[in-house]
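Participant: So that we are looking at the same thing, I have put the structure below in structure tokens.
In structure tokens form, the structure reads like this:
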């Protein structure tokens, strides 16, 4: 059976081999929020939304390129960027330079799209733009011990009117690296040849924005020269090179730890499920075709769908109950637009468990001075680990909700285990509030506890007194920040060259504490608000969990101070809307299937599982 790799893994190794962040080239750094905005805006502009797309903005526009660019930029600001600014004002206030760079990139993107559209209109040809193009291909070289299947997503693939090159659009705002650009172009060239049958079909252009548009055209001869080196890298990553030739073929330094589990290609039963899905659409008057192969995640399969002419997206979405019935699914499928592409998520018949051990290579190594602020949340369709970085404003405090059987307790344990693996007791301390008396028993006596009474049972110790201690510590740290001239905990550690532990306070059933009387509830909310507003810079963070995210538990004190949300399976749609701002969590599959919301729309991930024996070792201080 062929070995499997992802485009992300190969791209990451190209980056490491080229020297990593220290070797980054020209260009301006950006942020995760602005990068996500840029992806979303591009997909919306080239999509089919009758109100928000580029065609909607320019349908009746006259004038030249400059006038159309001006109209498109105005459309982007009024309809797409402007409405996002108030929601993320707190985060953007500290990233002024990055925001200006983002707007320059938007201007160059608008100019480029207008130019492409004009060329297509002059030639009376359709402009071909495919967002999140699924690419896959099999590689097998003489001497390899097995074939390698490589799969992944390109941000976008564009066929320019009247020109031979395929443009692979790399939607990044950060700095580029020439060696990585060549490797990526070669990678996309090889995959396009296998996915679209474009071998020998001219050059390939890589378009990026950093923030100015940069177009690099790679001639076929240049790509062919680089191909053997790329194949050697793929063979080494997949472990199919004979031992004798591995070192000679090695194109760069080996990764410091193992790669995450690769995304498998669609199996025969997965393809059959796609065909059955289309039959249901046809049966209920919403015909469609598959726009590409299924993307195989550990929990669900994502099928890209293209409605037949005249079929509205809402009509396909309305077939969800029939799809569930006909395909005998445990929950209705998710049918939604993802960056302009209609997708259908169906539960995987052979669902896989994702363990923390499989993702340990993606956790940061221990830093004895600074520690780590990253909390593992879950893996995406490409088995890439997503983390909440407590040091960032949008992740400073986390609110978690999920009903019985959702995997909430296991998620909390995996989050704590991930933190412990990347820290020492000198860089991390825990305060654990356990109203149920059974969530954190494995951590009793742990060296990571802030003190002998940091495992708190509210029936024995007043929770408000515990939070008062955290408020006092926060104020003391603010005085230390002022004396050191530092802005936050990381700056204080750098200035003093002494570790100061980040403090994470975890409560497994926050709603239980709120039901203990009006006066006690008011006192509790006051302390939560105070910590939520100021504690991040002092390195103190709240991770609160509840079974039912009711209005009493979520709104008010928590809503404005805890923007980072983890939503596992819930009982009612109103609970999902209360936590995430949208429905859908009531249809999750349980056992760690979750939505993660920080910036933008919630993302569906699969939470990690830590077996009891491994959990006991980690919580006991072993790695």
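In the working numbering, the protein residues as written are 8 to 630.
Note that CB positions come from ideal geometry on N, CA and C, so glycine has one too.
Check the C-beta distance from residue 617 over to residue 421 and give it rounded, since I have them as a contact under 8 Å.
Facilitator: 5 Å between Cβ atoms; contact.
Participant: Residue 553 by DSSP, collapsed to three states: which one?
Facilitator: If DSSP states are grouped into helix, strand and coil, residue 553 belongs with the strands.
Participant: Quick check: the region 542 to 560 against the region 404 to 424, are at least 3 beta-carbon pairs closer than 8 Å?
Facilitator: They touch, by the three-pair rule.
Participant: Quick one: is residue 44 buried, meaning 16 or more other Cβ sit within 10 Å of its Cβ, or exposed?
Facilitator: Per the 10 Å Cβ criterion, buried.
Participant: Applying the criterion that 16 or more other CB atoms from any shown protein chain within 10 Å of the CB defines a buried residue, is residue 290 buried or exposed?
Facilitator: Looking at its Cβ environment, which holds fewer than 16 other Cβ atoms inside 10 Å, residue 290 is exposed.
Participant: Extract the residue ranges of the alpha helix (DSSP H) inside the region 423 to 504, only unbroken runs of 4 or more that lie entirely within it.
Facilitator: Complete alpha helix (DSSP H) runs here, min 4: 470 to 491 and 496 to 503.
Participant: Please report the residue range of the beta strand (DSSP E) in which residue 215 lies.
Facilitator: Looking at the DSSP string, the run of the beta strand (DSSP E) that includes residue 215 is 211 to 216.
Participant: Tell me whether residue 103 sits in a helix, a strand or coil according to DSSP, three-state version.
Facilitator: Looking at residue 103 - three-state DSSP - the assignment turns out to be helix.
Participant: Excluding sequence positions up to five away, which residues of its chain have a Cβ less than 6 Å from the Cβ of residue 570?
Facilitator: Answer for residue 570: 401, listed in chain order.
Participant: With a Cβ-Cβ cutoff of 8 Å, do residue 200 and residue 225 count as a contact?
Facilitator: No, the pair does not count as a contact, with Cβ atoms beyond the cut-off.
Participant: Looking only at its own chain, which residues have a Cβ that is under 8 Å from the Cβ of residue 145, when we skip the five neighbours before and after it?
Facilitator: Taken in chain order, the residues that qualify are 9, 154, 155, 156, 157 and 201.
Participant: Tell me, to the nearest whole angstrom, how far the beta carbon of residue 75 is from that of residue 65; I am working on the premise that it is less than 8 Å.
Facilitator: Their Cβ separation, rounded to whole angstroms, is 6 Å, which keeps residue 75 and residue 65 in contact under 8 Å.
Participant: Taking one C-beta from the region 228 to 245 and one from the region 129 to 142 each time, how about it: are there three or more such pairs within less than 8 Å?
Facilitator: No, they do not touch.
Participant: According to DSSP, is residue 318 helix, strand or coil?
Facilitator: Note: residue 318 maps to coil in three-state DSSP.
Participant: Are at least three pairs of beta-carbons, each pair with one atom in the region 423 to 433 and one in the region 599 to 608, less than 8 Å apart?
Facilitator: No contact exists between the region 423 to 433 and the region 599 to 608.
Participant: Pull up the CB-CB distance for residue 508 and residue 375, whole angstroms please, since I reckon it's below 8 Å.
Facilitator: With 8 Å as the limit, residue 508 and residue 375 do not qualify as a contact, their Cβ atoms being about 12 Å apart.
Participant: Let me check understanding here. Comparing Cα to Cα, which of 198, 114, 151 and 54 lies closest to residue 135?
Facilitator: The candidate whose alpha carbon is nearest that of residue 135 is 54.
Participant: For residue 395, which of helix, strand or coil comes out of DSSP?
Facilitator: Looking at residue 395 - three-state DSSP - the assignment turns out to be strand.
Participant: Does the region 407 to 419 come close enough to the region 574 to 589 to have 3 or more Cβ pairs within less than 8 Å?
Facilitator: At 8 Å Cβ cutoff, the stretches touch.
Participant: What are the boundary residues of the alpha helix (DSSP H) that includes residue 43?
Facilitator: Note, residue 43: alpha helix (DSSP H), 39 to 53.
Participant: By DSSP's criteria, residue 361 is part of a beta bridge. Which residues make up the other side?
Facilitator: Residue 361 is not bridged to any residue.
Participant: Within the same chain, show all residues whose beta-carbon is closer than 6 Å to that of residue 4, passing over the 5 residues directly before and after it, in chain order.
Facilitator: Outside the displayed range of the chain (8 to 630) lies residue 4, so it cannot be described from this structure.
Participant: Less than 7 Å between C-beta atoms, sequence neighbours within five positions excluded: which residues of the same chain meet that for residue 468?
Facilitator: Within the same chain, residue 468 has close Cβ partners 460.
Participant: Mind checking residue 238: buried by the 16 CB within 10 Å criterion, or exposed?
Facilitator: Buried, because 16 or more other Cβ atoms sit within 10 Å of the Cβ of residue 238.
Participant: Could you have a look at residue 267 and say whether DSSP puts it in helix, strand or coil?
Facilitator: Here the model assigns residue 267 a pLDDT of 48, short of 50, so the residue's position is not dependable, and the following value carries that caveat. Of the three classes helix, strand and coil, the one that applies to residue 267 here is coil, per DSSP.
Participant: Does the distance from the C-beta atom of residue 530 to that of residue 557 stay below 8 Å?
Facilitator: No, they are not a contact pair.
Participant: Considering just the uninterrupted stretch of the alpha helix (DSSP H) at residue 529, what are its terminal residues?
Facilitator: Its alpha helix (DSSP H) spans residues 525 to 541.
Participant: Starting from residue 239 and walking both ways along the alpha helix (DSSP H), at which residues does that stretch end?
Facilitator: First-last of the alpha helix (DSSP H) with residue 239: 227 to 245.
Participant: To the nearest angstrom, report how far apart residue 643 and residue 532 are at their CA atoms.
Facilitator: No information on residue 643 is available, as it lies outside the stretch 8 to 630 that the chain covers here.
Participant: Could you tell me how far apart the beta carbons of residue 576 and residue 412 are, in whole angstroms, since I believe they sit closer than 8 Å?
Facilitator: Contact flag correct, Cβ pair sits at about 7 Å.
Participant: Assign residue 444 to one of two classes, buried (16 or more other C-beta atoms within 10 Å of its C-beta) or exposed (fewer than that).
Facilitator: By the neighbour-count rule (16 or more Cβ atoms within 10 Å), residue 444 is not buried but exposed.
Participant: What does the Cβ neighbour count give for residue 482, buried or exposed, with the cut at 16 atoms within 10 Å?
Facilitator: Result: exposed.
Participant: How is the alpha helix (DSSP H) around residue 386 delimited, first residue to last?
Facilitator: Unbroken run through residue 386 is the beta strand (DSSP E), 381 to 386; no alpha helix (DSSP H).
Participant: By DSSP's criteria, residue 616 is part of a beta bridge. Which residues make up the other side?
Facilitator: Bridge partners of residue 616: 362.
Participant: So, at 7 Å on beta carbons, what are the nonlocal neighbours of residue 125 in its own chain, with the 5 sequence-adjacent residues on each side left out?
Facilitator: Once the five neighbours on either side are set aside, the close Cβ partners of residue 125 are 72.
Participant: Using a threshold of 8 Å, state whether the C-beta atoms of residue 352 and residue 307 are closer than that.
Facilitator: Against a cut-off of 8 Å, the Cβ pair of residue 307 and residue 352 comes out as a contact.
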